[in-house]
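Residue 43 in my numbering sits at position 43 of the sequence shown; the count goes up by one each step and never skips.
Glycine included, each C-beta is placed from N, C-alpha and C at the ideal position.
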Amino acid sequence: VSFDRAIIQQDPALDKTRPFDDWREKEVQLLEEKLLDRGIERKLVGTNSYKDVNEYKEKQDLLNEIAVLEGKVDEKKNEFLAISKNVPDKNLVLKPKRKEIKTEVVPKMFGKPEIHQKETGNYVFTPKQMEQLETIVTAAVAVKKDYERLQSMNPVIENEKLREEVYQKTNENYKLKNENKELRSENRDLKDLIGDLRHEVGLLYQSAKDFVKERTEGVRAVKNVFKELVDKVRERNPGSEFERLYKREKARERDRGMER
């Protein structure tokens with residue numbers, strides 16, 4: 001109700017019986033006119049022919065923009081309706097539980113003290129009445145703030161700002177999606193490269209092992225010489241793929257020894 005009064009004050013030409021619907025239709029019509037200026041129809045079902053993907057993307061983004069703006073309008077209306085439910089449509093009448101009485105005891109030199117009672121002008125309310133009053137006052141303050149905000153702004157300018165904000169966010173989201181796609185592609189390429197490098201290191205590891213075997217006599221001597229080679233590699237490049245292959249091979253040898 002408060003929202004309807006606010007938008008009627010901004011545009012007295014609105015339909016008094018359904019001001020919000022009339023205001024919303026005008027805003028949607030304004031968006032349609034702007035879309036038509038760009039050569040885009042609002043009712044797009046996806047069967048139109050487009051020159052390229054970018055043109056299709058632009059039109060879809062603008063249609064999404066309309067949907068977001070219409071959603072914001074509905075959300076704001078629901079917010080006002082929720083607040084307005086706590087504001088009574090007629091004058092609030094709270095019946096006090098009783099009047100506040102102040103009791104004064106006047107001592108006397110002889111006899112019982114005199115007791116005087118008089119009204120303070122205040123009223124006593126039940127906790128439930130006070131809670132109801134606080135709820136109504138809080139809702140009224142919220143409605144008043146939004147009402148004053150609506151009075152101080154131009155709805156057309158405000159909606160232009162919202163449309164521009166949505167358009168900027170849409171472009172930003174589109175750019176982020178492209179960047180994410182590029183990063184995924186780079187990640188796949190790096191994984192392929194790492195796989196190739198690991199394969200090459202595996203070949204080098206086996207070649208080095210065969211080279212030591214061909215030029216060293218005795219199994220123990222081969223193991224010692226090859227371990228010295230692995231240690232030198234570890235000194236220059238700790239945690240390398242070469243070292244990892246050596247550790248894996250030693251672990252397999254220990255497992256085979258335990259099986260025996």
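Query                                                                                                                                                                      : Result
Assign GLU65 to buried or exposed, taking buried as 16 or more other Cβ atoms, counted over all protein chains shown, within 10 Å of its Cβ.                               : buried
Under a three-way DSSP split, which group does GLY71 fall into?                                                                                                            : helix
In this structure, how does DSSP classify ASN286 when only helix, strand and coil are distinguished?                                                                       : Residue 286 lies beyond the stretch modelled for the chain, which goes from 1 to 260, so this question has no answer here.
Assuming ASP212 and VAL222 make a contact with CB atoms under 8 angstroms, what is their CB distance in whole Å?                                                           : Residue identity check: residue 212 is Val in the sequence provided, not Asp. VAL212 to VAL222, Cβ: 6 angstroms. Contact.
In the DSSP assignment, find the beta strand (DSSP E) that holds ASN122 and state where it starts and stops.                                                               : 114-124
Using three-state DSSP, classify THR170 as helix, strand or coil.                                                                                                          : helix
Check whether the stretch 239-246 touches the stretch 196-210, counting contact only when three or more Cβ pairs, one atom from each stretch, lie closer than 8 angstroms. : yes
Buried or exposed: where does PHE110 fall if 16 or more other Cβ atoms within 10 Å of its Cβ makes it buried?                                                              : exposed
Which one of MET258, PHE125, TYR246, ASN178 has the shortest CA to CA distance from ASN224?                                                                                : TYR246
Please find out if some non-hydrogen atom of the ligand GDP comes closer than 7 angstroms to the beta-carbon of PHE110.                                                    : Annotation note on the ligand GDP: not contained in the displayed structure, which lists no ligands.
Between the beta-carbon of LYS118 and the beta-carbon of LYS102, is there less than 8 angstroms?                                                                           : yes
Which of the three DSSP states is assigned to LYS99 in this structure?                                                                                                     : strand
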